[in-house]
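Here the structure comes first, spelled out in structure tokens, and everything after it is commentary.
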Amino acid sequence: MSGVVVIGGQWGDEGKGKITDFLAENSEVVVRYQGGNNAGHTVEANGKKYKLHLIPSGILYDESLCIVGNGVVIDPAAFFEEIGYLENEGVTVNPKKLMVSDRAHLIMPYHKAIDSLSEKERGSADIGTTGKGIGPCYTDKYERSGLRVCDLMHREVFIERLKTNVEFKNRIIKNVFGGEELNYDEILAEYMEFAEKLRPYVTDTSVVLYDLIKAGKKVLFEGAQGTLLDIDYGTYPYVTSSHPISGGVCIGAGIGPNMVTSAVGVCKAYTTRVGKGPFPTELYDEMGDHIREKGFEYGTTTGRARRCGWLDLVIVKYAVRMSGLTSLTITKIDTLAGIDKIKVCVGYEFNGKVIDYFPASLEDLALCTPVYEEFDGWDSSVHHATSFEELHPNAQKYLRRIEEYTGTRISIVSVGPKREQTIVINKL
Ligand code: GDP
Ligand code: IMO
Ligand code: MG
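With my numbering as the guide, the letters of the sequence shown map in order to residues 72 to 499.
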């Protein structure tokens, strides 16, 4: 039985798309289990750059089956837009290659409206969401008023529940936020069209997955976002509304824990974050700007500049613990090339002591000062390395320190955005 989960070990954008695509070559199934089109996963392959948001990064392989699991929130408009984009790029997408869970919740126009209205309402305390309606959709799921894909497949059920929801949401939009009410008839017409287009893709994906895993197929679970954006374990409330950690896989894909055999944590060789919230190793100087420009750290989904800082091993160790990571993938070591002295955070000074765990309270986190170790840098030759031994000795030392601190071996080192710029140094 082989189920591998790819987890973001920091605040998202670690290169999960690239690594999922790389591993998908030897997998038969690729599954998204949480989040929605707030994700932006970039894959550079076949001489092209693909940007994926909702559809698993295995879609570029003709032989892969891709599954959008029940834990994902689906905006049908975004779903079909992405299919259109992929087809334009010459990628085949059809219901044999892509399946959608009948239990997944639907992002509705009122979710998107409320996402942006509540962000505005929060003023300077805004979260900096992607504005895709993710939080409000998960809110409805847990409040038990959400609409699921299977509801959309039953016209009468959908019509009735949509009416109740639009009426209620309009009261909130108008009376709480002073916003503009949405038109029920327009939403209904739009979603009825989606229903017929979506129908061929819809199935009980948990059944499909169970049978495939039992038959010995290799399955890859593609995490979106990252450990510190997890609703329970992230920097709450500056988080997303789902569980990116490995614990999210069972719930979000409908499988048992014994079906996940390894968990790979993808981490950048430094740290980035997009949106608001604490970030202990953030760099506010030219070094931060340098890393942003060199690493092209701009959001795949919103185009926002990503905040940049040194690698924080307290966070990576936390990710190892939260997801039971069996190995790490370190990406973008090429971005650090040319920097003379590179810092790595190995603890936080907190109330006169040095701690190596990530505190729950943002107030405590604000009192934490990173403790750094300094490393000699390396040159751009890392770009062309094809084995661990070919990496600059200082880069090797850096990677070995990550392994030592986290007690976790590195399975893959990524030295550039392209599929072939990937070095496997250990088993997953
Ligand atoms: P994801 O959300 O975790 O999939 O990451 P994103 O795709 O949002 O951001 C990662 C960015 O870094 C993308 O533009 C990738 O093409 C790029 N990337 C991934 N690995 C490497 C690497 O090792 N070196 C460089 N230079 N770029 C990389
Ligand atoms: P990938 O999969 C980085 C951030 C947003 C915001 C917070 C909440 O590409 O790594 P949301 O729209 O989810 O309610 O926003 O989470 N965020 C991400 N940051 N990468 C992502 O996805 C993200 N998805 C959401 O910027 O701070
Ligand atoms: Mg991303």
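Positions of the beta carbon are idealized from the N, C-alpha and C atoms, including for glycine.
CB-CB under 7 Å to Asp450, same chain, minus the five flanking residues each way: which ones, in chain order? Excluding residues up to 5 positions away in sequence, Ala408, Gly409 and His463 lie with their Cβ nearer than 7 Å to the Cβ of Asp450 in the same chain.
Arg270 to His225 span [Cα, whole Å]: Answer to the nearest angstrom: the Cα atoms are 10 Å apart.
Do you know whose CA, among Tyr181, Ala334, His176 and Tyr156, lies nearest Gly294's CA? Minimum Cα distance to Gly294 is reached at Ala334.
Which residue comes first and which comes last in the alpha helix (DSSP H) that contains Cys208? In the DSSP assignment, Cys208 falls within the unbroken alpha helix (DSSP H) covering Ile205 to Glu214.
Residue of Val345, Met330, Pro328 and Lys288 minimising C-alpha distance to Asp311: A quick correction: the sequence has Thr, not Asp, at residue 311. Out of Val345, Met330, Pro328 and Lys288, Val345 has the C-alpha closest to the C-alpha of Thr311.
Who are the Cβ neighbours of Asp197 in its own chain at under 8 Å, not counting the five residues just before and after it? Excluding its 5 nearest sequence neighbours in each direction, Asp197 has C-beta neighbours in its own chain below 8 Å: Glu190, Lys191 and Lys347, listed in chain order.
Stretch pair the segment 99-116 + the segment 303-320: three plus CB contacts closer than 8 Å: The segment 99-116, when compared against the segment 303-320, does touch it at the 8 Å Cβ threshold.
With 16 other Cβ atoms within 10 Å as the buried cut-off, status of Arg471: Exposed.
Element boundaries [beta strand (DSSP E), containing Cys416]: Its beta strand (DSSP E) spans residues Lys412 to Phe421.
Along the chain, which unbroken stretches of the beta strand (DSSP E) at least 3 residues long are found entirely within the segment 328-390? Complete beta strand (DSSP E) runs here, min 3: 333-339, 342-344 and 378-380.
For the beta strand (DSSP E) holding Phe446, just list the boundary residues, first then last. It spans Thr440 to Asp447 - the beta strand (DSSP E) in which Phe446 sits, taken as one unbroken run.
Please work out which residues of its chain come closer than 6 Å, Cβ to Cβ, to Leu512, disregarding the five sequence neighbours upstream and downstream, and give them in chain order. The structure shown does not extend to residue 512, since the chain is modelled only from 72 through 499, so no value can be given for it.
Does Tyr304 come out as helix, strand or coil in the three-state DSSP assignment? It is coil, neither helix nor strand.
Just to check, is the beta-carbon of Gly249 closer than 8 Å to a non-hydrogen atom of ligand 1? Proximity of the beta carbon of Gly249 to ligand 1 is not indicated: no heavy atom of the ligand is located closer than 8 Å.
Who sits around ligand 3, taking every residue whose Cβ is closer than 5 Å to one of its heavy atoms? The set of residues with CB atoms less than 5 Å from any heavy atom of ligand 3 reads, in chain order, Asp84, Gly111 and Thr371.
Answer yes or no: the CB of Gln492 versus the heavy atoms of ligand 1, is any distance below 8 Å? At a threshold of 8 Å, Gln492 counts as near ligand 1, since its beta carbon sits closer than that to one of the ligand's heavy atoms.
Tell me, please, which residues DSSP counts as bridged to Ser172. Beta-bridge pairing links Ser172 to Thr274.
Do you know offhand how far Val385's Cα is from Val273's? Roughly 41 Å separates the two Cα atoms.
Which residues in the same chain have their Cβ closer than 8 Å to the Cβ of Lys403, if we skip the five residues on either side of it in sequence? Excluding sequence neighbours, Lys403 sits near Gly86, Lys339, Ala340, Tyr341, Gly366 and Ser485.
Can the beta-carbon of Gly448 be found less than 9 Å from the beta-carbon of Ile401? Contact flag unset, no.
Spatial neighbours of Thr406 within its chain, please: CB distance less than 6 Å, with the 5 preceding and 5 following residues excluded, ordered by chain position. Scanning its chain for C-beta atoms nearer than 6 Å, with the 5 sequence neighbours on each side dropped, one finds around Thr406 the residues Lys365 and Gly366, in chain order.
Assuming contact is defined by CB atoms lying nearer than 9 Å, are His36 and Ala149 in contact in what I supplied? Because the chain here runs from 72 to 499, residue 36 falls outside it and cannot be looked at.
Take Ile481 and list the residues in its own chain whose beta-carbon comes closer than 8 Å to its own, dropping the five residues that flank it on each side. Only residues of its own chain outside the window of five on either side were considered, and among them Ser398, Leu399, Thr400, Ile401, Leu470, Ile473, Glu474, Ile496 and Asn497 have a CB closer than 8 Å to the CB of Ile481, listed in chain order.
Within 9 Å, strictly: CB atoms of Phe52 and Leu188: Examination of residue 52 is not possible in this model, given that the chain is present from 72 through 499 alone.
Rank Val425, Asp256, Ala437 and Gly206 by C-alpha distance to the C-alpha of Ile230 and give the top, closest one. Taking only the C-alpha atoms, the option nearest Ile230 is Asp256.
With H, G and I counted as helix, E and B as strand and the rest as coil, what does DSSP make of Ser394? Helix at Ser394.
With a threshold of 16 other CB atoms inside 10 Å of the CB of Leu300, please say whether the residue is buried or exposed. If you draw a 10 Å sphere on the C-beta of Leu300, you find 16 or more other C-beta atoms in it, and that means buried.
Alpha carbon to alpha carbon, how far is Val237 from Tyr181? When rounded, the distance between both Cα atoms is 7 Å.
Does DSSP put Glu257 in a helix, a strand or coil? In the structure shown, the three-state DSSP call for Glu257 is helix.
Should Asp173 be listed as close to ligand 2, given that the test is whether its C-beta is under 8 Å from any heavy atom? Not a single heavy atom of ligand 2 lies less than 8 Å from the C-beta of Asp173.
Can you tell me where the alpha helix (DSSP H) with Ala324 in it begins and where it stops? According to the DSSP assignment, Ala324 belongs to the alpha helix (DSSP H) that extends over Gly318 to Ala324.
Could you tell me whether the segment 159-173 touches the segment 130-137, using the rule of 3 or more Cβ pairs below 8 Å? Result yes; three or more Cβ-Cβ pairs closer than 8 Å.
I'd like to know whether the C-beta atoms of Lys289 and Asn97 end up nearer to each other than 9 Å. Contact flag set, yes.
Reduced DSSP category for Gly79 - H, G, I as helix; E, B as strand; rest coil: DSSP places Gly79 in strand when its eight states are reduced to three.
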